[in-house]
Amino acid sequence: MRRRLILVVAILVFSACVSSSVGRRRTRRPPTGFGRQSEYQQNQYGQEQDFGDIGQSQDYQRSNNPLEYGGLQQSNQLHYDDDQGDIQQVSQDTEDFSGLTEEGLLQQNQIGGDEPPPRYTQGDESSEVITLKTRPEAVTPKGEFVGLKQTVNGVVVYAFYGIPFAKPPTGDLRFRRPEPADKLTDSFDASHLPNACPQTVADIFNNFRGEQMWVPNTNVSEDCLYLNIWVPASVFELKEEELVPVIFWIFGGGYFSGSGSLDVYNGAVIAATQGLVVVNAQYRLGPLGFLYVGTEDAPGNMGLIDQSLSLRWLRENIEYFGGDPNAITVAGESCGAASVGFHLVSPLSKSYFKRGVMTSGLPNSEYALKSPDELKARSIQLAKLAGCKSKDTKEVIECLKKVDAETLVALQWKLYKNMLDFPFSPTVDGYFLTDHPDNLIKNGKAKRAELILGTVQDEGTYFILYHYLTYFSHLKPTSVPYDRFVDILNELFHDHSEIEREAIVDAYTNWENPEDGYANQKLIGEAVADSVFVCPHRKFADEWANRGLSVYYYHFTERLRSNPWPKWMGVMHGDDIPLFFGEAVTNSTTLYTEPEKQMSLKFMNMIANFARVGVPSNKWERYTSEHPVYLNVNATTVTDASTPDLHGPRSKECVFWNKVLPTIRSATQQCNNQLPPNQFGSLRQPQEQPQVPQWNPNGQGIHGGQGFHQPSQQQPYCGTSYPQTPAYYPPPPPPSQQYRASNGCNPPAAAPTPTAQSCECTVREGVTSTPRYEQDVDDLSTPPPAVY
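Spelled out as structure tokens, the structure:
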């Protein structure tokens, strides 16, 4: 028996030596110690963890036939202790293996070879879960990190929590750019989630579940610059043979709150179902992350540079966990998405990643970027509030370093001015951000990367609720009288001219019944969603696609069963995060429906394919200006992609925000913000108009406007103005010379020069638009195969 065992072990060792010398993707071996396992396992709270079922039971099977995962073969792997050479196989179940010899174990279980990591697929087999009661060790140039084991329905995932990527930004390092963490001399216990950075903790609705899910679940401390890693065990064990793509997530929270340690950002499900490495990192928030005085003492953008340094750490070390440093996809939501955009244009970060996913956030949004002058003024004002009133900037910063973090975090809200006007945010600092993102993109300074852009159906409701806490309820809808509706819109868009505000009110008034208070509340949310999120995303997609780059656009329209907020809030800002991380996949059916689970699995699969090859699905078409297609992510409906009257998310409204309103602004600025006479008419009171075709690129009215479908085939219009429009809707600009020339029109007569005295403003750019067609997740066939 002993000879036979020695013979088997010798064969295994020989096979391992052969496989290690043939067909490797990289020539450099990791340091000695890779694959070593310690004696116990814990979850993030010090306990063994299993995430439960994914749909039906798809556990690893203890048999001679490996279980098929999405067309890929995966069998149980036997793991070796480097020190003793023993073969270890441990089961979660109560079945007793003590009577089996090592040879018996070899006969019962196939030894895992070079198969790709497992993928999830539906099945109905039920089997025993095999787990490894050991802790994984990763040895990197930065030190040795001892993680823990998790299982997602039997799929083993290794997690490494709280890995330091920067020195603690405390004491003299407060307000300064981050410095790389020192190399560790001892093994680092990476089994505990890291601290959250100092932030505002919301508890307005008395332990309401929808609010508490965003409250930090760990300690809060300035010593917070750490990252978390999730990697499939099979990938980790084969990291010397092949590396897999990495998804790096940046959390949102208005640059004043958030944590990568929140349950909703747990990357274990993506790692288990998609076979990828998932990473997120903490970064400084509020004044501690974005105070700016224009000197090295407080240079601004510290939080973004924290993110950049964590990306640099990944670039240098992620291969030692099984991740490909040349295939990092940076993804984020809200201000996390805006951060992705900043990294696309920053000289510090562009070389650290390959692709981007930006959902509900852009770098050129007003909430995401403040001018240096504005941010410096706020920083000085905060210092005065904290009692630091010296005229010497250096003395002010030294004083602020002595103020406790909790006080600074609380004082920042005295600077809050308006909804989405977060107290501290990024700025053009000349170091991380050398110019406004729009200019950098226009001048070809942005990274040439494939992008996924996404929005949700009701982006604005979350923000209007918190901005009008004494007026709106988190439990039921509120009836808003028309006068109050007008006042709210004027207050929300106070930075627009009076004429622009009247146009906004007009565009969002329900003219069929202006006193429908519940409709008015919904329309207020739509105005915020369209102006801040959906329409800017469509414009950004146009600009990115016009650079010849791949853009894929989705719009999430499914209200999840688990949503604890009232129905009037709809599909809220951030509701696609559980979709992205697969929370539905591991929860009971009482929280999520089976269609929602399948929707999440499909969406994760598309994100994973995008991370691999830059294409999410062979049925999700690229967005282009000529063919602005988008994906409607919805678990309950199937949309016919050929339906001609589906022009994309908020198509008519985005014509208003992206075309009409800028035209009004341009015209009125030439007339000293006065309306040209007899041109716009009354914007507030509708008037009876003859039924003539209203100009609209999509052939439809806006919010009750008298729009009529235009013929699908029509001759080019060669006039210098369009037919009459309703007085309460701004008329379109005249056809552009480019349009006229391309359609065989004669050159128009020279237009009179506009003057402020006469206000005969006629200089406007043409408006063009093409229908946007949508697809549904359920229309998608099998995605393209993974290519590394």
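Residues -20 to -1, 1 to 768 (mature numbering (1 follows the signal peptide of the UniProt record, and there is no 0)) make up the sequence shown, in order. Even for Gly, the Cβ is constructed at its ideal location relative to N, Cα and C.
- Taken through DSSP and simplified to helix, strand or coil, Thr489 comes out as coil.
- The bridge partners DSSP lists for Asp438 are Met552.
- Counting C-beta pairs with one atom in each stretch, the segment 114 to 124 and the segment 178 to 194 have fewer than three that are closer than 8 Å, which means they do not touch.
- According to DSSP, residue pairing for Thr339 in a beta bridge involves Glu313, Gly434.
- In this structure, DSSP gives Gly274 an extended state, which the three-state scheme calls strand.
- Apart from sequence neighbours up to five positions away, the residues of its chain that approach Ala170 with a beta-carbon distance below 7 Å are Phe125, Val126, Gly127, Phe140, Tyr141, Gly142, Ile143, ordered along the chain.
- Note that the C-beta distance between Phe145 and Ser290 is below 9 Å.
- The DSSP-derived three-state label of Thr407 is strand.
- Nearest to Thr180 by alpha-carbon distance, out of Trp524, Ala390, Pro575, is Ala390.
- Counting C-beta pairs closer than 8 Å gives fewer than three between the segment 328 to 343 and the segment 255 to 275, which falls short of the contact rule.
- In the DSSP assignment, the residues bridged to Gly303 are Val224.
- Nearest to Gly255 by alpha-carbon distance, out of Val135, Glu576, Thr604, Lys547, is Val135.
- Comparing C-alpha distances from Gly232 to each of Pro629, Asp556, Arg335 shows the shortest one belongs to Asp556.
- Gln578 and Phe270 have their alpha carbons spaced roughly 40 Å apart.
- Leu128: member of the beta strand (DSSP E) spanning 128 to 132, first to last residue.
- Counting only residues of its own chain and dropping the five nearest sequence neighbours on each side, Asn199 has a CB closer than 6 Å to the CB of Asn175.
- In the structure shown, the three-state DSSP call for Asn297 is helix.
- In this chain, Trp210 is not harboured by any alpha helix (DSSP H); it is covered by the beta strand (DSSP E) spanning 206 to 212.
- Leu472 counts as buried, since no fewer than 16 other beta carbons sit within 10 angstroms of its beta carbon.
- Judged by DSSP secondary structure, Val249 falls outside any beta strand (DSSP E) and instead within the alpha helix (DSSP H) spanning 248 to 254.
- Judged by DSSP secondary structure, Pro558 falls within the alpha helix (DSSP H) whose first and last residues are 557 to 561.
- Per DSSP, reduced to three states, the secondary structure at Ala509 is helical.
- Glu574 and Pro544 have their C-alpha atoms roughly 18 Å apart.
- Ser359 counts as buried, since no fewer than 16 other beta carbons sit within 10 angstroms of its beta carbon.
- Taken through DSSP and simplified to helix, strand or coil, Asp169 comes out as strand.
- In the three-state scheme derived from DSSP, where H, G and I count as helix and E and B as strand, Pro148 is classed as coil.
- Inter-residue distance for Glu439 and Gly312 is about 16 Å (C-alpha atoms, whole angstroms).
- Closest in C-alpha terms to Cys177, from the list Phe452, Ile184, Asp286, comes Asp286.
- The Cβ neighbour count for Arg527, taken over all protein chains shown within 10 Å, is under 16; the residue is labelled exposed.
- Note on Gln437: 16 or more other CB atoms within 10 angstroms of its CB, so buried under the neighbour-count rule.
- Straight-line measurement puts the Cα of Asp183 at about 28 Å from the Cα of Asn500.
- A residue is called buried once 16 or more other Cβ atoms fall within 10 Å of its Cβ, and Gln130 is buried on that count.
- Excluding sequence positions up to five before and after Asn281, its CB lies within less than 6 Å of the CB of Pro406, Asp409, Phe412, all in the same chain and listed in chain order.
- The Cβ neighbour count for Tyr138, taken over all protein chains shown within 10 Å, is at least 16; the residue is labelled buried.
- Contact between Phe561 and Arg335 does not hold, since the beta-carbon distance rounds to 18 Å and is not under 8 Å.
- Going by C-alpha positions, Pro158 is about 47 Å away from Arg464.
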